[in-house]
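Quick note on the UniProt record's numbering: the sequence shown kicks off at 1 and runs consecutively.
Glycine is no exception: its CB is placed at the ideal position from the N, C-alpha and C atoms.
The structure appears below as structure tokens.
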Amino acid sequence: MTQRDAIETTPLGAGPVTRQASARLVVRTRGPGFTDITHAIRRWLATSGIADGLLTVFCRHTSASLTIQENADPDVRTDLATALDHLAPRDRAYVHAIEGPDDMPAHIRTMLTDASLAVPVVAGRLALGTWQGIYLIEHRDRPHAREVLVTAIGAAQDDASA
């Protein structure tokens, strides 16, 4: 058996793009850490009318970011935050310091994670794995109101049943 033979493809959907929907979520953070936004996105997606397609999630900030991570064991998020602290410590003498000592490390942490995500939508649901959740990561020391834009594009639910 070759490596190529070990890959199985299962079609999930096909057809024209007939619908798009967008929304703005405001996520109020408590300071540094992970905020699970999966439920809010699922709730919005259920009202979007999208059956099969693609969801994009975009964070409109340079000192907060997005990630898809394990949602079962909170120790994972603790270890990830510790790793980010080591990769971009707050106690370094950064050139950019006009917005405070936590700002430049926040920019570095955002660069290491991501400002946007793409998640397939299958049968009107996020096609996340069993233990996956979507998180906004606050990298600044104070609470903030963060804007996250979500857009779904694909086949409308009415078209999927036809």
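is_contact[residue i, chain C] using C-beta, thresh 7 Å
i	result
Ile41	Of the chains in the structure shown, none is chain C; there is only one protein chain.
Test item: CB-CB of residue i and residue j under 7 Å
i	j	result
Ala51	Gly129	no
Ala156	Gly13	no
Thr18	Asp159	yes
Buried or exposed (CB count within 10 angstroms, at least 16 for buried), residue i
i	result
Val26	exposed
Val95	exposed
Asp79	exposed
Thr47	exposed
His39	exposed
Opposing strand residues paired with residue i [DSSP bridges]
i	result
Leu66	Leu136
Thr35	Leu136
Pro120	Leu54
Val27	Arg146
Ala21	Ala152
Arg125	Val122
Residue i, enclosing alpha helix (DSSP H) - first and last residue
i	result
Pro74	Pro74 to Leu87
Ala106	Asp103 to Leu112
Residue from the options with nearest C-alpha to residue i
i	options	result
Leu66	Ile108, Asp73, Ala97 and Val57	Val57
Trp131	Ile7, Gln69 and Thr10	Gln69
Glu147	Thr62, Asp103, Arg43 and Glu8	Thr62
Gly154	Ile7, Ala81, Asp5 and Gln20	Gln20
Run of the beta strand (DSSP E) containing residue i, from where it starts to where it stops
i	result
Asp52	Ile50 to Cys59
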